[in-house]
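Novice: Have a look at this one before I ask anything.
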Amino acid sequence: MTKSQYINQSVQRAIRIMHLFSPKENELSLTEISRKTGIHKSIVFRILATLESEGWLIKNPETSKYMLGVRLLSLSGVVLEELSIRKIALPVMEELSEKTGETVVLTMSSNGGAICIEKIDSDSSVRITTQVGRHYPLHAGATGLAVLMGMPDDQIREVLNREPLEKITNKTITDPELIFEMVKEAKKDGYIISVGTVDPGVVAIGIPLNFPQQHVYFGISVTGPKYRLNEKKLQFVIEELKNAKQKILQTGIND
5 MTKSQYINQS VQRAIRIMHL FSPKENELSL TEISRKTGIH KSIVFRILAT LESEGWLIKN
65 PETSKYMLGV RLLSLSGVVL EELSIRKIAL PVMEELSEKT GETVVLTMSS NGGAICIEKI
125 DSDSSVRITT QVGRHYPLHA GATGLAVLMG MPDDQIREVL NREPLEKITN KTITDPELIF
185 EMVKEAKKDG YIISVGTVDP GVVAIGIPLN FPQQHVYFGI SVTGPKYRLN EKKLQFVIEE
245 LKNAKQKILQ TGIND
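According to our numbering, the sequence shown is numbered sequentially starting from 5.
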């Protein structure tokens, strides 16, 4: 028997519904969920009622829309605790944030994108903030592109050509071939820089973190407002990022 013969359709539908929620769409109505999934409203209603009863979803009484429930935090905590790279990277990230004065983000490949698994926010009054669990696209922004850089070329092409790429801002590149060439050049330099391709006015510098014999890809990035990350500071940040990468990889290999 093939794997597809063991798949439970109800569970698969419930997972599809959970995947709809994102930082940009953190509340969805029954009608919206039915339209996005193509599943009949009566079936969606039963799935939503079950997920709500188990604490995976919460229904907003004012809007009748659904949002992710706090029950997910219990699972995310278990997963994050198991990611030893977080424990390895955290002190290095704290040092990097202190030296650069900017926000530092650690991401890993997940479900066709990148997900923030650790972050250190800048202490500056004007700063770029993020949340653990935030999803980033792989085709735009150095935070996601750093993860893409760690992949072999054939996998990069597959990711970029999987579906039409979203134009997030007017600076987002959506041509898969242009992005592939950009990443190819960035691999030679060892880092990648983005300016306003995900969040307007934000500069990010990203670098891949690849551990031997791992099939998950990681990246570390520094993000800050464009006015503060001038050319002189960018060069300083790049060098500090490279130093941070070596510290993390060395600790990981020794462990």
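No residue lacks a Cβ here, since even glycine has one placed at the ideal position from N, Cα and C.
Hey, is the region 112-122 in contact with the region 176-196, meaning 3+ C-beta pairs nearer than 8 Å?
Specialist: no
Novice: Indicate whether the contact test is met: 3 or more Cβ pairs, each with one atom in the region 193-201 and one in the region 86-104, closer than 8 Å.
Specialist: no
Novice: Looking at the C-beta of residue 231, does it have a partner C-beta in chain B at a distance below 9 Å?
Specialist: Within the model displayed, chain B is absent; a lone protein chain is all it includes.
Novice: May I ask you to report which of helix, strand or coil DSSP gives residue 5?
Specialist: Because residue 5 sits at a pLDDT of 47, beneath the cut-off of 50, its placement in the model cannot be relied upon, and the following sentence gives the value as read from the coordinates. The three-state secondary structure of residue 5, taken from DSSP, is coil.
Novice: How big is the Cα-Cα spacing for residue 126 and residue 26?
Specialist: 24 Å
Novice: In whole angstroms, what is the alpha-carbon distance linking residue 128 and residue 106?
Specialist: 7 Å
Novice: What does a CB cutoff of less than 7 Å around residue 152 pick up in its chain, not counting 5 residues either side in sequence?
Specialist: 142, 160, 163 and 187
Novice: Among 41, 102 and 73, which has the Cα closest to the Cα of residue 55?
Specialist: 73
Novice: How about residue 245 and residue 224: are their beta carbons less than 9 Å apart?
Specialist: yes
Novice: Using the rule of at least 16 other Cβ atoms within 10 Å of the residue's Cβ for burial, across every protein chain shown, is residue 171 buried or exposed?
Specialist: exposed
Novice: From residue 205 to residue 199, what does the alpha carbon distance come to, in whole angstroms?
Specialist: 7 Å
Novice: Just mark residue 32 as buried or exposed, buried being the case when its beta carbon has 16 or more other beta carbons within 10 Å.
Specialist: buried
Novice: Smallest Cα separation from residue 189: which of 211, 40, 75 and 203?
Specialist: 211
Novice: Kindly indicate which residue of 53, 76 and 58 has the alpha-carbon position closest to the one of residue 68.
Specialist: Of 53, 76 and 58, the residue nearest in Cα terms is 53.
Novice: Output the distance between the C-alpha atoms of residue 3 and residue 227, rounded to the nearest integer angstrom.
Specialist: Residue coverage of the chain in this structure runs from 5 to 259, which leaves residue 3 outside it and unanswerable.
Novice: Applying the criterion that 16 or more other CB atoms from any shown protein chain within 10 Å of the CB defines a buried residue, is residue 110 buried or exposed?
Specialist: buried
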